[in-house]
Amino acid sequence: PGPAVPGKRPAGPPPPRPPGGAGLASLLAKIDKPKKMSTMEKSAIDWAKYKSAQTADERDAMDRFAKDGYVERQAFMRRVDERVAANARDVRRKRMGVKDDA
Numbered sequence: 003p004g005p006a007v008p009g010k011r012p013a014g015p016p017p018p019r020p021p022g023g024a025g026l027a028s029l030l031a032k033i034d035k036p037k038k039m040s041t042m043e044k045s046a047i048d049w050a051k052y053k054s055a056q057t058a059d060e061r062d063a064m065d066r067f068a069k070d071g072y073v074e075r076q077a078f079m080r081r082v083d084e085r086v087a088a089n090a091r092d093v094r095r096k097r098m099g100v101k102d103d104a
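Take any residue in the sequence shown, count from 1 to its spot, add 2: that is its number in this note's numbering.
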């Protein structure tokens, strides 16, 4: 062969391909793998299955329990806060010598 030319590869057999297939087909196969399901998606699907497996009476009982539980606790806490604030206000007004408007 002639003198080596810088930047040019000498002629010869092509380099061996990596194992497991290479090229566009294997790249597309890797990309097309099914996406992993997120925890939120899995939970939503599981919850829907659980709810569909229940009877109407069980669902109604669960709805009543959930609704009454949180909403009632929040209403109770609001009433307690209002009562505590009113009592504190009354004590301050008595110390200041302010008479009730009633």
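Just so it is clear, CB atoms sit at the ideal spot from N, CA and C, and this is done for glycine as well.
Fair warning: this is a prediction, and the values are worked out from it, not measured in the lab.
Backbone CA spacing between residue i and residue j [nearest angstrom]
i, j, result
"residue 47", "residue 62", "20 Å"
"residue 99", "residue 93", "10 Å"
"residue 60", "residue 66", "10 Å"
"residue 30", "residue 70", "53 Å"
"residue 40", "residue 86", "45 Å"
Bounding residues of the alpha helix (DSSP H) (the contiguous stretch that carries residue i)
i, result
"residue 34", "No alpha helix (DSSP H) contains residue 34, which DSSP labels as neither H nor E."
Exercise for review: Starting from the N-terminal side, write out each stretch of the alpha helix (DSSP H) that is 4 residues or longer and does not extend beyond the region 45 to 99.
Suggested key: Within the region 45 to 99, the complete alpha helix (DSSP H) runs of at least 4 residues are 58 to 98.
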